[in-house]
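Note sheet for the following structure.
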Amino acid sequence: MTTLNNQKQLLGIFLMVLAVFLFPMKDAFAKMTGGYYSAIVIMWTQMVFTSLFYVPVITVKYGPGILLPPRLLLQILRSISLISGIGMFYWAISLVPLAEATAISFVAPLVTTAISPFMLGEKVGLRRWLAVMVGFIGVLIVLRPEFSGDRLGYMIAFGAGLAIGFFYLFNRQLADAAPPIANLTYSSVIGAILLTPLIFSVWVPPRPEDIYLIIGFVAFAAMGQTCLFNAFIYGEASIIAPIGFSQIVGATLFGYLFFGDFPDAVSIVGILIVIASGVYIAIRETRPKE
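Residue numbering for the sequence shown follows this note's numbering, starting at 173 and increasing by one per position.
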């Protein structure tokens, strides 16, 4: 590998590490509002500002024709899965610690792997099936189902992971339909459009004391998305993708600093199992095919 390639690889790694700390910071800002704002409002805000940021970018880069999304039905289904997943995640973090909600939502790549043979016709080998099963065991360890009200937040986080897993599947189906940054923009724009009719029933006026939280949320969301996108431009997917699971470190850190939350020993074991399974699958799925 040349020196230039090494530098690009290091830049990609740096941007991904930055992204996985910016995202939980954004989530911490959302949690700091104390559940005053509906998950729909938080999600709509994220989608609108992401759209406002990226629409001019793709228009300048690819021309106005890029604004017409190809395969519209699949684009809509992808956006529905995205806003469902993000919405449930924001709902979950209003009920349970940030680190544990983040860990449970990491079931998404396990879901993608488990369903891909049926939706995409992909072949999944025995080792990846075992990784999926082990990962789900890790989720159950964190969940420790008791069928009581205090587990609602964990089940919602699990639902968020399921929805994001379907979002990843639709991403694969649409991977060749448009450039990656355009696909990201389509999801945000369509998501904002789908959520707008719902806003009126859940809207509450922003509290003056939340202004800095809202600005921080929007800023960290935009910076995180930008770092994530550019990380995959400069770095190889096989190296960059597994780093995404280190987001749990940021979620644990900010959960402890801002809310005094720290996973107990049993939850830590479950979290580590989920991360290990996800990293293994990420490495297997992104390495070059021989």
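We treat Cβ as the ideally placed atom computed from N, Cα and C, and that holds for glycine.
Alpha carbon to alpha carbon, what distance is there between isoleucine 445 and serine 439?
Straight-line Cα distance between these residues: approximately 10 Å.
Return helix, strand or coil for tryptophan 375, following the three-state DSSP convention.
Three-state DSSP puts tryptophan 375 in coil, outside helix and strand.
Does the contact criterion of 3 or more C-beta pairs under 8 Å hold for the segment 220–227 versus the segment 359–370?
Result yes; three or more Cβ-Cβ pairs closer than 8 Å.
In angstroms, rounded to a whole number, what distance separates the CA positions of leucine 370 and tryptophan 263?
Computed Cα separation, rounded: 16 Å.
Just verifying my parser: in three-state terms, what is the DSSP assignment at threonine 285?
In this structure, threonine 285 counts as helix in the three-state DSSP scheme.
Could you tell me whether the segment 297–312 touches the segment 234–245, where touching means 3 or more Cβ pairs closer than 8 Å?
They do not touch, by the three-pair rule.
Identify the continuous alpha helix (DSSP H) that holds proline 228 and give its terminal residues.
Proline 228 -> alpha helix (DSSP H) spans 211–234.
Pick out the complete alpha helix (DSSP H) segments inside the segment 290–368, 4 residues or longer, and give them in chain order.
Those alpha helix (DSSP H) runs which fall completely within the segment 290–368 and span 4+ residues are 298–315, 324–345.
Return the residue from the list Phe434, Asp199, Gln247 that minimises the CA-CA distance to alanine 349.
Ranking Phe434, Asp199, Gln247 by Cα distance to alanine 349 puts Gln247 first.
In the DSSP assignment, find the alpha helix (DSSP H) that holds arginine 250 and state where it starts and stops.
244–265 is the extent of the alpha helix (DSSP H) around arginine 250.
Below 6 Å CB to CB, which residues in the same chain sit around proline 281 once its five sequence neighbours on both sides are set aside?
Excluding residues within five positions, the ones whose Cβ falls inside 6 Å are Gly450, Ile453.
Whose C-beta lies closer than 6 Å to the C-beta of glycine 325 among residues of the same chain, with five residues either side of it excluded?
So the qualifying residues of the chain are Ala264, Leu267, Val268.
Can you confirm whether isoleucine 420, when its beta carbon is compared against all beta carbons of chain C, has any partner nearer than 7 Å?
Absent from the structure is chain C; it holds one protein chain and no more.
Helix, strand or coil: which one does DSSP assign to leucine 194?
Leucine 194: helix per DSSP, three-state reduction.
Which residue marks the beginning of the alpha helix (DSSP H) containing leucine 270, and which one marks its end?
First-last of the alpha helix (DSSP H) with leucine 270: 270–277.
Residues in the same chain with beta-carbon distance under 6 Å from isoleucine 328, minus the five sequence neighbours each way, listed in chain order, please.
Hits under 6 Å: Met260, Trp263, Ala264.
Quick one: Cα of valine 232 to Cα of methionine 395, how far?
Between valine 232 and methionine 395, the C-alpha separation is close to 20 Å.
State the Cα-Cα distance for the pair glycine 427 and threonine 285, rounded to the nearest angstrom.
Using only the alpha carbons, I get a separation of about 29 Å.
Kindly list the residues whose CB is nearer than 6 Å to the CB of leucine 194, restricted to its own chain and excluding five residues on each side of it in sequence; keep chain order.
The answer, listed in chain order, is Phe392, Met395, Gly396.
How far does the alpha helix (DSSP H) with glycine 427 in it extend, from its first residue to its last?
Taken as a continuous stretch (DSSP letters only), the alpha helix (DSSP H) holding glycine 427 covers 419–431.
Quick test of your reading: leucine 270 and aspartate 433, contact by CB under 8 Å. State the CB separation rounded to the nearest angstrom.
With a Cβ gap of about 7 Å, leucine 270 and aspartate 433 count as contacting.
Using the three-state DSSP reduction, which class does proline 380 fall into: helix, strand or coil?
Looking at proline 380 - three-state DSSP - the assignment turns out to be helix.
Between the Cα of isoleucine 214 and the Cα atoms of Gly388, Val314, Ile455, Thr357, which residue gives the shortest distance?
Of the listed residues, the one whose Cα sits closest to isoleucine 214 is Gly388.
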